[in-house]
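Here the structure comes first, spelled out in structure tokens, and everything after it is commentary.
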Ligand SMILES: NC(=O)c1ccc[n+]([C@@H]2O[C@H](COP(=O)([O-])OP(=O)(O)OC[C@H]3O[C@@H](n4cnc5c(N)ncnc54)[C@H](O)[C@@H]3O)[C@@H](O)[C@H]2O)c1
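Numbering (this note's numbering), first residue to last: 24 to 455.
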């Protein structure tokens, strides 16, 4: 494939390095694109091989020129979430396929644009749900699909973001819903996708509540951080703040963001207690699925530990999966914690049994390298027994729970997803 990458921040490196280090015999990065000239320059340099003419950099305003000059087959979209739909649609119209980071998009209007463009052009978007690819998550799916615990009737799912990883969503673009859809879309897209995939079903009705309880000015006062600045750099109370993101400790972060600020004013280290933050940090949803199962879901972004706990109640027994995760994000203070994963099977009338949980190495519990293998060299991988690849339909269902949850928070009422889709003319059943 001739690949072009749009959006050259932190995440694009995973795709770039994978192509350059593992799949260069099969694929070539022909262009990079970004609104920020500084980050674009760094990306073009890093994607260029010695002894070649290098990879062509294009500012975002020249994306159409990129398409006509470089004739890529596939566009990798790693911009902030609200821009995904724009690039997906333009890529489809130019005859390209797309590899898009999650969430596929953030609202119904943009979702309709993607689905309509997909129907018009027949092109394909692969949404990169890396969590599906961790062996521990596949084992959960296997147990459920085998019918061992019977029909799934009720699920309790809690996702904890700790004060390092969770705080990072309150420093930059994620912290406004118009850019990220809020955490119920931006982050929960992973979790709702897992639920859809585990249950092999789709969400039908959602009731949700959400509020900002921790990342707000009152917490700064309670923590003795009154008089804090608008950002960590130059903040008068930084030396006593556990949430500081200190550029002097992170060369790469400094090069990528601090040294690029003059180009676009993108500030990576804004104060997590700022008044203007527009997203929730405490969210709960009750979801009814087409299969008849119901789920309770909780997401908090200031937990003392990071990871997930899920309990599936079936007609024959229970499955309980727990994963303590440690993410290598920047800023803040994290003391303890090591990755740990357990899955317990408890059949009615029998003692509980801890399952042997398979593991593999790599980011996101070993998920990222496996996913990249299926994306960049599917012929080299075994046929996927877990049906893990996701297109615009899976991408859509994964955000619909969060979009409906946001609407429910606003209105105080339950939201019916099939009605919502019909009212907006969004057809997820039509053949591609
Ligand atoms: N699956 C995962 O585990 C995972 C992890 C991290 C990020 N992500 C996703 O990756 C995407 C990027 O996240 P990130 O952390 O790299 O963000 P980032 O802010 O570090 O990078 C985004 C880049 O896009 C550029 N950009 C902004 N507007 C643009 C436009 N209109 N056209 C072109 N470029 C534009 C910015 O200048 C920046 O370089 C997000 O959608 C995020 O949800 C996924």
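All C-beta atoms in this analysis are idealised placements derived from N, C-alpha and C, irrespective of residue type, glycine included.
Between ligand 1 and residue 103, a heavy atom-to-CB distance of less than 7 Å is present. Not a single heavy atom of ligand 1 lies less than 7 Å from the C-beta of residue 450.
Distance from the CA of residue 177 to the CA of residue 41, rounded to the nearest whole angstrom, comes to 39 Å.
Ligand 1 has no heavy atom closer than 7 Å to the beta-carbon of residue 219. Counting C-beta atoms within 10 angstroms of its own C-beta, residue 143 has fewer than 16 neighbours from the protein chains shown and is therefore classed as exposed. By the Cβ test, the region 186-201 is in contact with the region 281-298, since at least three Cβ pairs between them sit closer than 8 Å. The shortest C-alpha to C-alpha distance from residue 184 to any of 347, 443, 397 and 392 is the one to 347. Check the Cα spacing between residue 151 and each of 434, 395 and 433: the tightest is with 395.
Within 7 Å of the C-beta of residue 153 there is at least one heavy atom belonging to ligand 1. Per DSSP, reduced to three states, the secondary structure at residue 199 is coil, with no helix or strand assignment.
Around residue 430, the same chain offers 438 as residues with beta carbons nearer than 6 Å, after the five sequence neighbours per side are excluded. Here DSSP, grouped into helix, strand and coil, assigns residue 346 to strand. When rounded, the separation of the alpha-carbon atoms in residue 107 and residue 384 is 29 Å.
In the displayed model, residue 319 falls within a strand according to three-state DSSP. Contact between the region 332-346 and the region 363-374 is present: 3 or more CB-CB pairs across the two stretches fall below 8 Å. Between residue 93 and residue 53, the gap from beta carbon to beta carbon is short of 8 Å.
Relative to the non-hydrogen atoms of ligand 1, the Cβ of residue 83 comes within a distance shorter than 7 Å of at least one.
Residue environment: residue 68 is assigned as exposed (fewer than 16 neighbouring CB atoms within 10 Å of its CB, all protein chains considered). Residue 439 is bridged by DSSP to 228. Sorting 267, 57 and 311 by C-alpha distance to the C-alpha of residue 85 places 57 at the top. Taking residue 261 as the centre and dropping the five residues before and after it, the same chain places the C-beta of 255 and 267 closer than 7 Å to its C-beta, in chain order. Pairing residue 322 with residue 65 gives a Cβ-Cβ distance that is not under 8 Å. Within the DSSP secondary-structure output, residue 240 pairs in no beta bridge.
With 16 or more neighbouring CB atoms inside 10 Å of its own CB, residue 229 falls in the buried class. Each of 445, 45, 31 and 32 was checked against the Cα of residue 403, and the nearest Cα belongs to 45. When secondary structure is reduced to three states using DSSP, residue 377 falls in the strand class. Excluding five sequence positions before and after residue 95, the CB atoms of its chain that fall closer than 7 Å to its own CB belong to 25, 26, 27, 53, 54 and 119, given in chain order.
Around the C-beta of residue 356, fewer than 16 other C-beta atoms lie within 10 Å, and the residue is accordingly described as exposed. Between residue 204 and residue 103, the C-beta spacing is not below 8 Å. The secondary-structure analysis by DSSP pairs residue 306 across a beta bridge with 233 and 322.
Here residue 427 is buried: its Cβ has 16 or more other Cβ atoms, across all protein chains shown, within 10 Å. Following the DSSP letters along the chain, one finds residue 138 inside the alpha helix (DSSP H) bounded by residues 131-144. Distances taken from the Cβ of residue 59 to the heavy atoms of ligand 1 include one shorter than 7 Å. 8 Å or more divides the Cβ of residue 418 from the Cβ of residue 207.
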